[in-house]
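Heads up: the structure comes next, in structure tokens.
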Amino acid sequence: MRKFWKNIKRYKSYIIYATKANLKSEVAGSYLNWLWWILDPLLFMLVYSFVALIVFGKGEPYFPVFVFIGLNSWNFFNKSVNRSVKIIRTYKGTISKVYIPKYVLILIAMMENLFKMAVAFVWVLVMLPIYRVPVSWHMVNAIPIFLTMAVFTFGCSSIMLHAGVYIADLSNIITVLLRLVFYMSGIFYSISNRVEEPYGTYLLNLNPMAFLINGLRESLLYNHMVNYGMLSVIFLIGCILSVIGIKTIDKHENSYVKVI
14 MRKFWKNIKR YKSYIIYATK ANLKSEVAGS YLNWLWWILD PLLFMLVYSF
64 VALIVFGKGE PYFPVFVFIG LNSWNFFNKS VNRSVKIIRT YKGTISKVYI
114 PKYVLILIAM MENLFKMAVA FVWVLVMLPI YRVPVSWHMV NAIPIFLTMA
164 VFTFGCSSIM LHAGVYIADL SNIITVLLRL VFYMSGIFYS ISNRVEEPYG
214 TYLLNLNPMA FLINGLRESL LYNHMVNYGM LSVIFLIGCI LSVIGIKTID
264 KHENSYVKVI
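Okay, so the sequence shown: first residue is 14 according to the numbering used here, each after it adds one.
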């Protein structure tokens, strides 16, 4: 792990530069530019709100904000993991000419998605007073939740990077699996209120993203304390996955270009 932190320090400027360059290229030629990063989850929020409130007649307090928090958090995890599966193939031309620690590519992708999530969460700050969500000190619990989400996402992404080099169709498999996890994470419904016990508890305890999204809502919307015991477990799992992923990448990264 000492090598990892040394490389992060060494390539910090490159990570920042590449993140900015990729974000600029993404919005180049677009009339909406960065506003699309807000509109994307906002439009999906409207769709899910319509289906839940109008079609099924069920919802939760502050439901539009409830859905927006879930979608925005899920997009960060989903896009980071999905991109990591084929990131070596995407950057094949670069890494075949210049040495870059391969987990740096994951950090660049995560930085891009983190920035998009941060921009979109500005809309959450706008919606909170509109829907008269009471302000509470419990909102600061969102900080360790976001940190845990980032560590867990990096751990999953680093393992997917390695596996994606050797399994050509892994991207399709992961897309299907993540879609399943999406529906099991309570993005547009409350697991604790809508899923019968003991299945609701199982979903929250066995699905880290479901727990993290639920924790954000409990902190930002409902003024409830986060289960720091379970949060610590997910953080530890993320750290273990990260260590395994980093060591695996360090061991095999020299052969990646030959394989692909």
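Even for Gly, the Cβ is constructed at its ideal location relative to N, Cα and C.
Query - Length of the line joining the Cα atoms of G199 and A223 - result: Residue numbering aside, residue 199 sits at position 186 when the sequence shown is read from its first letter. Residue numbering aside, residue 223 sits at position 210 when the sequence shown is read from its first letter. When rounded, the distance between both Cα atoms is 6 Å.
Query raised in the report: What do you reckon, are the CB atoms on G228 and G168 nearer than 8 Å?
Result: One-based indexing of the sequence shown puts residue 228 at position 215. One-based indexing of the sequence shown puts residue 168 at position 155. Cβ atoms of G228 and G168: not closer than 8 Å.
Query raised in the report: Nearest to N267 by CA position, among V94, K115, N20, I100, is which residue?
Result: Taking the first residue of the sequence shown as position 1, residue 267 is located at position 254. Nearest of V94, K115, N20, I100 to N267, Cα basis: K115.
Query raised in the report: How should G258 be labelled, buried or exposed, when 16 other C-beta atoms within 10 angstroms of its C-beta is the threshold for buried?
Result: The residue labelled residue 258 in the question sits at position 245 within the sequence shown. Buried, because 16 or more other Cβ atoms sit within 10 Å of the Cβ of G258.
Query raised in the report: For M140 versus V78, is the C-beta distance shorter than 8 Å?
Result: For the purposes of this step, residue 140 is identified with residue 127 of the sequence shown, where counting begins at 1. For the purposes of this step, residue 78 is identified with residue 65 of the sequence shown, where counting begins at 1. Cβ distance < 8 Å, so M140 and V78 count as in contact.
**Report entry** Secondary structure of S268, DSSP reduced to three states
**Finding:** For this step, residue 268 is matched to residue 255 along the sequence shown. Reduced to three states, the DSSP call for S268 is helix.
**Report entry** Local Cβ density within 10 Å of I253, reported as buried at 16 or more and exposed below that
**Finding:** Stepping through the sequence shown from its first residue, residue 253 is reached at position 240. Looking at its Cβ environment, which holds fewer than 16 other Cβ atoms inside 10 Å, I253 is exposed.
Query - Option nearest N220 by Cα separation, candidates R207, E231, N236, L191 - result: Translated into the one-based positions of the sequence shown, residue 220 becomes position 207. Residue L191 is the option with its Cα nearest to N220.
Query - Beta-carbon gap between M124 and L225 smaller than 8 Å - result: The sequence position of residue 124 within the sequence shown is 111, counting from 1. The sequence position of residue 225 within the sequence shown is 212, counting from 1. Not closer than 8 Å, so no.
Query raised in the report: Is it the case that the Cβ atoms of I143 and S232 are separated by a distance below 8 Å?
Result: Looking up residue 143 in the sequence shown gives position 130. Looking up residue 232 in the sequence shown gives position 219. Not closer than 8 Å, so no.
**Report entry** Simplified DSSP assignment, three categories, for I180
**Finding:** For the purposes of this step, residue 180 is identified with residue 167 of the sequence shown, where counting begins at 1. Residue state, collapsed to three classes: coil.
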